[in-house]
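Have a look at the structure below, then the notes.
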Amino acid sequence: SKAANEAITQSSDAGREIDRLLTRKCKRADSAPAAVKEMLAIAKLDMKTANSLDNLISDDDPTKAIYSQRYWKRRKLVESLRDFIREESG
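Take any residue in the sequence shown, note its place counting from 1, add 37, and you have its number in my numbering.
Given below as structure tokens:
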């Protein structure tokens with residue numbers, strides 16, 4: 038549907054923007070953990086936004102699955118970033 042295609046496009050655009058921001062921030066980082074902390078901060082903010090959108094979309098909306106899947110993928114990323122920081126810190 039048109040709404041689903043628009044959601045996918047917006048998600049792709051947001052993904053590219055996150056990649057651009059992460060690349061810029063990581064070039065300033067002085068260590069791998071510092072770069073991962075930058076990525077974690079952005080991913081957590083993105084996860085919060087994705088969760089809000091997921092909660093606002095009605096269950097019968099065809100884009101619901103897209104937003105739900107995006108939220109859970111971001112949540113998995115945040116957990117792996119946290120694990121990396123824990124392993125590097127101690």
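No residue lacks a Cβ here, since even glycine has one placed at the ideal position from N, Cα and C.
Indicate the three-state DSSP secondary structure (helix, strand or coil) for residue 67 in the structure shown.
coil
Are residue 125 and residue 69 close, meaning C-beta to C-beta below 9 Å?
yes
Between the C-alpha atoms of residue 80 and residue 115, what's the straight-line distance to the nearest angstrom?
6 Å
When 91, 120, 54, 78 are compared against residue 107, the one with the closest alpha-carbon:
91
Are the beta-carbon atoms belonging to residue 119 and residue 77 less than 9 Å from one another?
yes
By DSSP, does residue 94 sit in helix, in strand, or in coil?
coil
Cβ neighbours of residue 105 in the same chain (closer than 7 Å, five flanking residues each side left out):
91
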